[in-house]
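Accompanying notes for the structure given below.
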Amino acid sequence: MPTPLDRQTASAALIGVTRHLPGELGPYAITVYALVQGRIATPPVRKVSDAANNTMIGVTPLRCLGETSEVAGGWLKP
Numbered sequence: 884m885p886t887p888l889d890r891q892t893a894s895a896a897l898i899g900v901t902r903h904l905p906g907e908l909g910p911y912a913i914t915v916y917a918l919v920q921g922r923i924a925t926p927p928v929r930k931v932s933d934a935a936n937n938t939m940i941g942v943t944p945l946r947c948l949g950e951t952s953e954v955a956g957g958w959l960k961p
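So the mapping is simple: our numbering equals the position in the sequence shown, first residue as 1, plus 883.
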């Protein structure tokens, strides 16, 4: 299971790439967006102890677990 450091590192990398790509792709009229999700209440996450999940919730900006319906399919802009 990923640790907070794993997720934070991956999130920082994704944010860095998202900030860089508009400069590279903007001249071609390509817009860049990023979705960075937190801990999602999937069956494996629900199997983890309440104490462990509460610890993760405590370091999550919205102070809750995300729901699969909130991230299913991502975000597509036509």
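From the three backbone atoms N, C-alpha and C, an ideal C-beta is built for every residue, glycine too.
Considering residue i, what are the terminal residues of the alpha helix (DSSP H) in which it resides?
| i | result |
| --- | --- |
| L897 | 887-908 |
| E953 | 951-954 |
| I940 | 933-941 |
| V928 | 926-930 |
Do you know whose CA, among the options, lies nearest residue i's CA?
| i | options | result |
| --- | --- | --- |
| V914 | T901, R946, V928 | Checking the displayed sequence, the identity of residue 914 turns out to be Thr instead of Val. Cα-wise, what sits closest to T914 is T901. |
| L945 | T951, T925, Q920 | Q920 |
| V953 | S894, A893, R922 | Here residue 953 turns out to be Glu, not Val, going by the sequence shown. Considering only alpha carbons, the answer is R922. |
| G899 | Y916, E950, P887 | Y916 |
State the CB to CB distance for the pair residue i and residue j, rounded to an integer number of angstroms; the pair is presumed to be in contact (CB under 8 Å).
| i | j | result |
| --- | --- | --- |
| A924 | L948 | 4 Å |
_Would you call the region 900-915 in contact with the region 927-946, where contact means no fewer than 3 C-beta pairs closer than 8 Å?_
Result no; under three Cβ-Cβ pairs closer than 8 Å.
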